[in-house]
Structures are given as C-alpha cells and as structure tokens.
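Count the sequence shown with this note's numbering and you get residues 28 to 167, in order.
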Amino acid sequence: MWINNENKQNNSILQQLGIILWKLRYPIVLNNNNQIKLWRCLRLLLISSDFSISLNDPFIKDVIRAARFNPKEVYALTNGQINHLITPSGFSCHCWWIGTEVSKNFYGICLNTPSLPVLKCNIKAKRDLWRQISCIKFNI
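Following this line, the structure appears as structure tokens:
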C-alpha cells in the first residue's frame, strides 16, 4: 500500500501520542450486507418479522420436536435477512413464517402464523399451527 509523506508524518505524531492506527481485517462485517449461507442439511427455516426467534424458547422447542425436526436442522432469521441468503443449487426446505407474510419460495411446506407472543396466547392460532404441523408429518 502506498503511503505518502504527509500520512507518514501524521502517523508518527499519532504514535508519539500513543495512538495506534488499526485497519479492519474484514471491513464487510460493518456493512449490513453480510451474506448468510444456508446448508443443505437444513430442513426448517424460522422467519420472523423484525426480531430473531430463539431456538431455546420452550414453545419453539415443542414445535420443532412435534414436527420431528432435529434442532440442528433448523435455522432462525428475520425477514430482512432473506435478501442476504446464499442458497445451494436445488435447495429446498420447509418454512415457518412467524408474524410476517410469505415473501420467498423455498420449495417446501410453508407454515404461517401470527407473531410469537400472539401465537402463545391465542388458542385458535395454536390449533391452526398444530394442524399445519400434522400435514408436515404426513407429507414427509
């Protein structure tokens, strides 16, 4: 990298003051354009509207267990992260859209429910979710 004399003088002054200049090794990390690579082994995507869903939530664990998915085969992301996905060719998986509309086809069964807080309190929404899960169990 070419450094002109002016920058050299500034650097030496900063060094005398005890200030160290750092250069980011991976500057792309600061951008919100981070690519998310999906693995072929994924079978279920949890896609929420604005905040990431915790896979450690007891309700989420129950749903994953009821649908007979291994927790290692499940990945949670937000609706905004969908544009940054890198999917392998021929990739397909089931999706659970939580509190958001379906915006991309992943060539699997789509579960669509209200947001998680509403879902946990609404008996009718839970019943609809369990009905959709039973369809997954019989179609796999």
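Even glycine gets a Cβ: it sits at the ideal position worked out from N, Cα and C.
Query, Result
"Which runs of the alpha helix (DSSP H), 4 residues or longer, sit entirely within the stretch 84-160?", "85-93, 143-148"
"Is it true that the stretch 112-125 meets the stretch 136-145, where meeting means three or more beta-carbon pairs spaced less than 8 Å apart?", "yes"
"In angstroms with no decimal places, state the Cα-to-Cα distance between residue 81 and residue 102.", "10 Å"
"Give me, in chain order, the residues of the same chain whose beta-carbon lies closer than 7 Å to that of residue 131; leave out the 5 immediate sequence neighbours on both sides.", "109"
"Within a Cβ cutoff of 7 Å, which residues of the same chain sit near residue 38, ignoring the five residues on either side of it in sequence?", "48"
"Can you tell which of 41, 149, 72, 147 has its C-alpha closest to the C-alpha of residue 119?", "72"
"On a CA-only basis, which of 98, 77, 66 is nearest residue 85? Give me that one, please.", "98"
"If we count the other Cβ atoms within 10 Å of its Cβ and call it buried at 16 or more, is residue 75 buried or exposed?", "buried"
"Would residue 100 and residue 69 qualify as a contact pair, given that the criterion is a beta-carbon distance under 7 Å?", "yes"
"Spatial neighbours of residue 161 within its chain, please: CB distance less than 6 Å, with the 5 preceding and 5 following residues excluded, ordered by chain position.", "none"
"Name the one or two DSSP bridge partners that residue 71 has.", "101, 121"
"Determine the contact status of residue 43 and residue 113, defining contact as a CB-CB distance below 7 Å.", "no"
"To the nearest angstrom, how far is the alpha carbon of residue 115 from that of residue 136?", "18 Å"
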